[in-house]
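In the numbering used here, the protein residues as written are 234 to 306.
Where a beta carbon is used, it is the ideal one built from N, C-alpha and C, also for glycine.
Structure first, commentary second.
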Amino acid sequence: MNSTARSPRFLAGRAAGLPAGPMTGYDAAALNDGLFPDEEHKAMAVANIGKPEYGTWMDRLPRLDFAEAVRTA
Numbered sequence: 234m235n236s237t238a239r240s241p242r243f244l245a246g247r248a249a250g251l252p253a254g255p256m257t258g259y260d261a262a263a264l265n266d267g268l269f270p271d272e273e274h275k276a277m278a279v280a281n282i283g284k285p286e287y288g289t290w291m292d293r294l295p296r297l298d299f300a301e302a303v304r305t306a
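In structure tokens:
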């Protein structure tokens, strides 16, 4: 199985018990130049892995009721 097919499984498996999440908006060219200067490999995805600091999570924000969010024609 190739790495593209395994990446969702990696994130769903929580990277050996640690929270993991995909990151977007990174500069792939700069990342590849910095980590893989020989150009033998290149980055496919970036993920943050580790335990968040205590108190960094907030409660879920309130959601709109169906009637407020949807207008039926």
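Near residue i, what residues of its chain come up, given a Cβ to Cβ distance below 8 Å and the 5 sequence neighbours on each side ignored?
i	result
F269	K275 and A276
E286	none
D298	none
A261	K275 and A276
Per DSSP, residue i is paired with what?
i	result
A280	P255
How is residue i classed by DSSP in three states: helix, strand or coil?
i	result
A302	helix
D266	helix
G250	helix
Leaving out five residues before and five after residue i in sequence, what residues of the same chain have Cβ atoms less than 6 Å from its Cβ?
i	result
D266	none
Leaving out the 5 sequence neighbours to the left and right, which residues in its chain are closer than 7 Å to residue i when beta-carbon positions are compared?
i	result
L251	I282, G283 and K284
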